[in-house]
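Following: one structure in structure tokens, then a few remarks.
Numbering (the working numbering), first residue to last: 333 to 630.
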């Protein structure tokens, strides 16, 4: 392929992508399908080159505007039935989506009964989880730049995702999540990439996935039927409900250190601890980190 042809194709691709992004942005910020096509028609009606290629009646042949308007109304009704406005749905000012937002207190809330699963990621900075004062899950970032954290509730899946990506380590600037103590999630995912994630009180879930890359993660009390714990080069501290004998714990340690119910399991070890066969399971992998797992009833 000639160099000129390559350049032309690349230029066309860039223009196509840019046009698509601008079109999507216009629709996102309030342009209806009819308004979009009206503007497109005005911009092309005196364009002789365009009309010579596609014909002056291209718009009528492309679609019926009444149908497009009906599609726009159906789209708006889709969100209204869910009690949400899709234009308000994602707030750039707060970083919070599909939660009740209080501008005065700078925090969002949602009924805990609506949330099936919780995903929390501390890419950097500090996140703290504490008991909720009521039956709602609260997310507050007082003193934090709202562009540095996200609280996103997916209406269709029931998944609440909370993440923080800045590097401010200051207890007065923690991102705070408050959860009712009686709440049991279907799935619980906790991740600390290079930040700090600490949970006070009790967390409960059917299945739990905890991943520590190079950060710090602590859970005061955890109840889960199935757990997957992974620590690459960080620090992980967890206390489980019950005793070690209530669980089947499959362990793999490379060059890291593991303290399991007071027993030290160091470097290059694979084995099974606790019950030989139990309904509750743990899968523990430690590459080069430091893990300590205690139990409520030792």
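From the three backbone atoms N, C-alpha and C, an ideal C-beta is built for every residue, glycine too.
- Setting aside the 5 residues that flank it on each side, residue 575 is surrounded in the same chain by 627, 629, each with a C-beta closer than 6 angstroms to its C-beta; the list follows chain order.
- Distance from the Cα of residue 615 is smallest, within the candidate group 444, 573, 562, for 562.
- Residue burial annotation: residue 453 is buried, with at least 16 other C-beta atoms found within 10 angstroms of its C-beta.
- Taking a C-beta distance under 9 angstroms as the contact criterion, residue 448 and residue 493 do not qualify as a contact pair.
- In the DSSP secondary-structure assignment, residue 614 is bridged to 559, 581.
- When secondary structure is reduced to three states using DSSP, residue 441 falls in the strand class.
- The Cβ atoms of residue 581 and residue 552 do not sit closer than 9 angstroms to each other.
- A direct Cα-to-Cα measurement between residue 602 and residue 584 gives close to 4 angstroms.
- Taking the C-beta atoms as reference points, residue 516 is found no nearer than 9 angstroms to residue 429.
- Distances from the CA of residue 434 to each of 457, 473, 527 were compared; the closest alpha carbon is that of 473.
- Closest in alpha carbon position to residue 476, among 608, 527, 550, 439, is 439.
- The criterion of a C-beta distance shorter than 9 angstroms is not satisfied by residue 461 and residue 442.
- Inter-segment contact for the segment 587 to 604 and the segment 522 to 540 is absent: fewer than three beta-carbon pairs are separated by less than 8 angstroms.
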